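Accompanying notes for the structure given below.
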Amino acid sequence: MGVLDRIRGDLENFVGQRIKVKANRGRKKVMEAEGILEGIYPKLFVVRLNERQSERRVSYSYADLLTETVELSIEDTRIGLGEATG
Numbered sequence: 484m485g486v487l488d489r490i491r492g493d494l495e496n497f498v499g500q501r502i503k504v505k506a507n508r509g510r511k512k513v514m515e516a517e518g519i520l521e522g523i524y525p526k527l528f529v530v531r532l533n534e535r536q537s538e539r540r541v542s543y544s545y546a547d548l549l550t551e552t553v554e555l556s557i558e559d560t561r562i563g564l565g566e567a568t569g
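The working numbering puts the first residue of the sequence shown at 484, with every later residue one more than the last.
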């Protein structure tokens with residue numbers, strides 16, 4: 484089992500739960516938001532964000548977690564590292 488498979492397996496434990504997302508958008512821009520981990524797919528995962536009277540979905544690849552371009556956490560505990568359990 485590869486590291487990306489372990490990350491996906493870790494995230495499967497948190498589908499439907501509220502998570503915090505911190506994403507590096509480049510050029511020193513960082514997006515921080517809260518949302519629901521909505522879906523896990525073979526190559527990516529989807530987070531539903533609630534922002535200012537609107538709702539949107541964003542998708543990230545498991546490699547984004549591996550390279551720490553995206554960080555996910557629940558109650559100050561990072562998830563999606565391929566080692567945590569839920």
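Using N, Cα and C, we set each Cβ at its ideal position, and we do this for glycine too.
Computed from a predicted model, the values in this text were never measured in an experiment.
Terminal residues of the beta strand (DSSP E) in which residue i lies
i      : result
Arg501 : Arg501 to Gly509
Arg540 : Ser537 to Ser544
Glu554 : Val553 to Ile557
Thr560 : Thr560 to Ile562
Spatially closest choice to residue i from the options, by CA coordinates
i      : options                           : result
Ser556 : Ile523, Ser537, Ile519 and Arg540 : Ile519
Leu549 : Glu538, Val541, Ile562 and Arg540 : Ile562
Leu487 : Arg508, Arg535, Gln536 and Tyr524 : Tyr524
Assigned exposure category for residue i - 16 Cβ within 10 Å defines buried
i      : result
Asp547 : buried
Beta carbon of residue i nearer than 9 Å to that of residue j
i      : j      : result
Lys505 : Glu558 : no
Ala516 : Lys526 : no
Ser542 : Val529 : yes
Boundaries of the alpha helix (DSSP H) in which residue i is found, first to last residue
i      : result
Gly492 : Val486 to Glu495
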